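Written out below as structure tokens is the structure these notes cover.
Number of protein chains: 2
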Amino acid sequence: MSSSQFEPLSRRRSVDTRKRLLDLAEQQVLAKGFVATSIEELVAGVGITKSGFFYHFKDKNDLARALLERHIVRERELLDDLFRRADELNDDPLHGFLVALRLFAEMMAALPEAHPGCIAATLCYQDQLFDRTIHELNAQSVLSWRVRFRERFARIIAAYPPAEPVDLNALADMMSTLIEGGLVMGRALRDPSILPRQVLLFRDFVRQTFRP
Amino acid sequence: MSSSQFEPLSRRRSVDTRKRLLDLAEQQVLAKGFVATSIEELVAGVGITKSGFFYHFKDKNDLARALLERHIVRERELLDDLFRRADELNDDPLHGFLVALRLFAEMMAALPEAHPGCIAATLCYQDQLFDRTIHELNAQSVLSWRVRFRERFARIIAAYPPAEPVDLNALADMMSTLIEGGLVMGRALRDPSILPRQVLLFRDFVRQTFRP
DNA sequence: CGGCGAGCTTTACCTATGGTACAGTAAGCT
DNA sequence: AGCTTACTGTACCATAGGTAAAGCTCGCCG
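The listed protein sequences correspond, in order, to chains H and W.
When the letters of the first sequence are read in order and numbered with the working numbering, they come out as residues 1 to 212.
When the letters of the second sequence are read in order and numbered with the working numbering, they come out as residues 213 to 424.
As structure tokens, this is what we get:
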């Protein structure tokens, strides 16, 4: 805080062991799942000993929480940025949303093998291995997506009243649902194009639903 | 085969140990995941020893495969039955499909906590722990859903040509995607109503897409 | 310059779990 | 009677997560 106003500037030999542990862990968890990622493997990868790991993380559960927290922050920033860019290009709420969805689909398509979002779903499916904090973090994150999309839809509805009544929560959840499901499907079929195509299909659905 | 034409009638002391192992395993896997379900726990539950388990299953991977195979068969039977019932009620392909979707949503809503389908997704997310056979089984199952729904949509399109071109594979996959994602969401938010509502929303989408 | 504390290492050890090997045994089938 | 099925029992191994505690070392602060 005093000597350097930027970063704590590496107390010691390694530049940022904790961060390197998290980076490697994220990469391995996305590639092969949490349980298949061993602590020994991680410490060997960053060049420390097992005790060094437990200096940074209380246990493996603690690592999972740190991974999830970091993931949630990044995801929110990414979405904020994406919607901001879409809104800058567009005044109309519906058009802005449709642009954002297209941007999102393009981003998903451009991504390599490992998709983000897997972290959340991966941990969700193994959440009995973890404590409640992990589960609650996950739920909180999903709910924040619901709120974000519901607000968007509320604005769209004001401008484009739909012909039939729409379940706004369900429509908002559909986005998260398609992402989580799309990741599962993409993984099962080894076809990364599935998720972006589902997002584009959702986009069609939204467009149809609020068409003038 | 000779003495009893009904069931093999319990070779020995237990009625059907293998089935009881599978039943308990399924229940525990749905409740807390595959890795959190220990072999010791299963054998204690059905009243045999660890060696007894390895008599029935080569290893834990073999148990996973048996679980998945049984699940896939049941799922197919369930879907066959559901579509058959919907078709009996209806001649029109679109209407039949919509009825089937409603039946499906009702079934999902009526289900208790543990949904089927979790098995597939659960194993999918931990598939690096298993051998290729598990992964291929899963992919095969997902593809069979795609084929089933695509055929349905092809028949619907013949009767109700859509205004805009539709990506049939993506539309077919959307069902599986919403189911897998809906299970993740329902699990994360502890809200079993999410999946049936997503199915009903999908139904709306299909109805809109093929409306006359 | 000396000590404190952050960030580790070293050593040692415990437990749970999956898994192997193999001998033995009771009940049924032919 | 003898083969097979469906186990039990005993013994043992490896891997992984985790704990405990002492020691070392570099940078910073006074």
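A virtual CB, placed ideally from N, CA and C, is assigned to each residue, including glycine.
As the structure is a prediction and not an experimental result, all values here were calculated from the model.
Please list, in chain order, the chain W residues whose beta carbon lies closer than 8 Å to that of residue i.
i	result
Ser176 of chain H	Gly393, Met397
Gln198 of chain H	Ala382, Asp385, Met386, Thr389
Val147 of chain H	Residues of chain W passing the Cβ test: none, with the nearest at roughly 13 Å.
Taking the beta carbon of residue i as the centre, do at least 16 other beta carbons fall within 10 Å, making it buried, or is it exposed?
i	result
Phe414 of chain W	buried
Ala370 of chain W	exposed
Ser425 of chain W	A query on residue 425 of chain W cannot be resolved here, the shown segment of chain W reaching from 213 to 424 and no further.
Tyr55 of chain H	exposed
Val147 of chain H	exposed
Asp293 of chain W	exposed
Arg344 of chain W	exposed
Asp91 of chain H	exposed
Ala86 of chain H	buried
Asp416 of chain W	buried
Pro192 of chain H	buried
Val354 of chain W	buried
Arg364 of chain W	buried
Lys231 of chain W	exposed
Whose Cβ in chain H lies nearer than 9 Å to the Cβ of residue i?
i	result
Glu334 of chain W	Note that residue 334 of chain W is Thr in the sequence shown here, rather than Glu. What Thr334 of chain W touches in chain H: Tyr125, Gln126.
Give a yes or no on whether the minimum CB-CB distance between residue i and chain H is below 8 Å.
i	result
Lys270 of chain W	no
Phe417 of chain W	yes
Gln420 of chain W	yes
Leu413 of chain W	yes
Asp274 of chain W	no
Asp379 of chain W	yes
Leu301 of chain W	no
Compare the beta carbon distance of residue i and residue j with 8 Å and say whether it is the shorter of the two.
i	j	result
Ala66 of chain H	Phe57 of chain H	yes
Gly398 of chain W	Ile406 of chain W	yes
Tyr125 of chain H	Gly245 of chain W	yes
Thr122 of chain H	Val29 of chain H	yes
Thr229 of chain W	Ile260 of chain W	yes
Leu63 of chain H	Val46 of chain H	no
Leu129 of chain H	Val247 of chain W	yes
Pro305 of chain W	Ile368 of chain W	yes
Pro161 of chain H	Thr209 of chain H	no
Ala317 of chain W	Leu412 of chain W	yes
Ala139 of chain H	Leu401 of chain W	yes
Ala321 of chain W	Pro408 of chain W	yes
Ala195 of chain W	Leu254 of chain W	With chain W running from 213 to 424 in the structure shown, residue 195 of chain W is simply not present.
Gln410 of chain W	Asp173 of chain H	yes
Leu280 of chain W	Leu349 of chain W	yes
Phe149 of chain H	Met107 of chain H	no
Leu310 of chain W	Val378 of chain W	no
Ala154 of chain H	Leu171 of chain H	no
Return no unless some Cβ of chain W is closer than 8 Å to the Cβ of residue i.
i	result
Leu30 of chain H	no
Leu21 of chain H	no
Val73 of chain H	no
Val43 of chain H	no
Asn215 of chain H	Because chain H spans 1 through 212 in this model, residue 215 of chain H falls outside it and cannot be assessed.
Leu24 of chain H	no
Asp92 of chain H	no
Ala188 of chain H	yes
Ile194 of chain H	yes
Arg155 of chain H	no
Determine the chain H residues that contact residue i at a beta-carbon separation under 7 Å, and present them in chain order.
i	result
Val247 of chain W	Val35, Gln126, Leu129
Mind listing the chain W neighbours of residue i? Cutoff is C-beta to C-beta under 7 Å, in chain order.
i	result
Val142 of chain H	Met397, Ala400, Leu401
Shorter than 7 Å, the distance from the beta carbon of residue i to the closest heavy atom of the ligand GDP, or not?
i	result
Ala278 of chain W	In the structure shown, the ligand GDP is absent, as is every other ligand, since no ligand is present at all.
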